[in-house]
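Novice:
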Amino acid sequence: MTTIENSAQLMDALWQELQNNTLDLPSLPDIALRIGKLAEDPEVDAHCLARELAHDPGIAAQVIRYANNAAFRCNATIHQLPTAIMRIGTNATRHLVSALSVRQLFRSESAVLQKRLRDTWNRSIEVAALCQSLARRYGALEPEVALLAGLLHQIGILPIVRLLEPSETLRNAPERIDAAITALQPRAGQLILNAWGFPATIAQVPLQCMNLQRRHLGTAPDYVDIVSIAILQLDARNDAGTIGCERASVPAFARLGMDPETDVFSLDGVQQEFDDFIGAMTA
7 MTTIENSAQL MDALWQELQN NTLDLPSLPD IALRIGKLAE DPEVDAHCLA RELAHDPGIA
67 AQVIRYANNA AFRCNATIHQ LPTAIMRIGT NATRHLVSAL SVRQLFRSES AVLQKRLRDT
127 WNRSIEVAAL CQSLARRYGA LEPEVALLAG LLHQIGILPI VRLLEPSETL RNAPERIDAA
187 ITALQPRAGQ LILNAWGFPA TIAQVPLQCM NLQRRHLGTA PDYVDIVSIA ILQLDARNDA
247 GTIGCERASV PAFARLGMDP ETDVFSLDGV QQEFDDFIGA MTA
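Residue 233 in the numbering used here sits at position 227 of the sequence shown, with consecutive numbering throughout.
Here it is as structure tokens:
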């Protein structure tokens, strides 16, 4: 591999690989593939899924913590994996495991790149947490699919980091790669999700979620809308602002039937759901 020593070379290399469909894409973790295959069987039960999931104790523990999320509005605390899966549901468990398993891909031997990956993952967790809360309250979208869309919306950073690994010059000057990541991450993310077999409703999220003036056929919201609004809500909460954005002009709010001035964190239960999910993902 040619060593890349400046941001222009990075942009050129990534763009060429994107154009030629030669980008080295990460693979979906095995546990997600195995659970996904099992979940396709209409006869599969929670105990069967639990036996397979038990091979990954870390994700199994996170599934149990997720099942105890305030969003399920159940007083009884769950301690057993099959019970957790029954509470969440088979299809939702499949989406949840896919989301949780991706965490292991956000790793680099470079301390600088590892920090960037960690920051990206933490931001994605926050977006995912808010996506599921929005999906529970607006539209007819599945909360666990919305969660998955939020967690994967920045997945395109992974091949960019791969190209940066050999370059000490760029690794140690992260400010020089921000423009390349911003420009190329969306398309790379779409390629990854297509390669992993996700439907277009999810695969288009990385490419479209920052297109805040996006319009599509029909009036029903989709997962791009959910992720876009979650990003706007988090930016407002963090006083970050989204460049060039007047929230009242963002069509996604109308499709969700949501007042653009609504602070979703002020809605009943949202803050607790958000905190519970962050805790489950970072414990």
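Think of the CB as a built atom: it goes at the ideal place given N, C-alpha and C, for glycine as much as any other residue.
Computed from a predicted structure; not experimentally measured.
1) In three-state DSSP terms, what is N128?
2) Sort C137, R142, P48 by Cα distance to H159 and report the nearest one.
3) Are the segment 35-53 and the segment 74-84 touching by the rule of at least three beta carbon pairs closer than 8 Å?
4) Please go through the same chain and pick out, in chain order, the residues whose beta-carbon is closer than 8 Å to the beta-carbon of Q110, but skip the five residues on each side of it.
5) For P266, which residues of its own chain have a beta-carbon under 8 Å away from its beta-carbon, when the five flanking residues on both sides are left out?
6) DSSP three-state call for T225: helix, strand or coil?
7) Taking DSSP as the reference, what is the three-state secondary structure of E58?
8) If you pair each beta-carbon of the segment 62-71 with each one of the segment 141-155, do three or more pairs fall below 8 Å?
9) R129 and F112: beta carbons closer than 9 Å?
10) Report, in whole angstroms, the separation of the C-beta atoms of A209 and Q219, which I expect to be a contact under 8 Å.
11) Got a sec? Which residues, its chain only, sit under 7 Å from A56 by beta carbon, not counting five neighbours each side?
12) Is the distance from the Cβ of I161 to the Cβ of V230 below 9 Å?
13) Find the nearest neighbour of M287 within the set V276, R168, V133, judged by alpha-carbon distance.
14) Can you give me the C-alpha to C-alpha distance between T207 and V151, rounded to a whole angstrom?
15) Taking the beta carbon of E174 as the centre, do at least 16 other beta carbons fall within 10 Å, making it buried, or is it exposed?
16) Does the distance from the C-beta atom of L31 to that of L190 stay below 9 Å?
17) Determine, using beta carbons only, whether S272 comes closer than 9 Å to chain C.
18) State yes or no: is the C-beta of L20 within less than 9 Å of the C-beta of A242?
19) Got a sec? Which residues, its chain only, sit under 8 Å from V167 by beta carbon, not counting five neighbours each side?
20) Judging by CA-CA distance, which residue of A155, G95, S272 is the nearest neighbour of L213?
21) Is DSSP giving Y144 helix, strand or coil here?
22) Can you grab the Cα-Cα spacing for the pair A186 / T126, in whole Å?
23) Looking only at its own chain, which residues have a Cβ that is under 6 Å from the Cβ of M264, when we skip the five neighbours before and after it?
24) DSSP state of F337, grouped into three classes?
25) Give the secondary structure of C202 by DSSP, where H, G and I count as helix, E and B as strand, and everything else as coil.
26) Around the Cβ of Q239, are there at least 16 other Cβ atoms within 10 angstroms (buried) or fewer (exposed)?
27) Could you check which residue in D62, I41, L140, G64 has the C-alpha nearest to that of G95?
Specialist: If we stick to the structure as given:
1) helix
2) C137
3) no
4) P35
5) R253, A254, V256, F259
6) coil
7) helix
8) no
9) no
10) About 21 Å separates the two Cβ atoms, so there is no contact after all.
11) L87, P88, I91
12) no
13) V133
14) 10 Å
15) exposed
16) no
17) The chain labelled as chain C is not found in the depicted structure, where only one protein chain is given.
18) no
19) S114, L119, R122, L123
20) A155
21) coil
22) 15 Å
23) Y144
24) Since the first residue shown for the chain is 7 and the last is 289, residue 337 is missing from the structure and cannot be characterised.
25) In the sequence as displayed, the identity of residue 202 is Trp instead of Cys. Three-state result, W202: coil.
26) buried
27) I41
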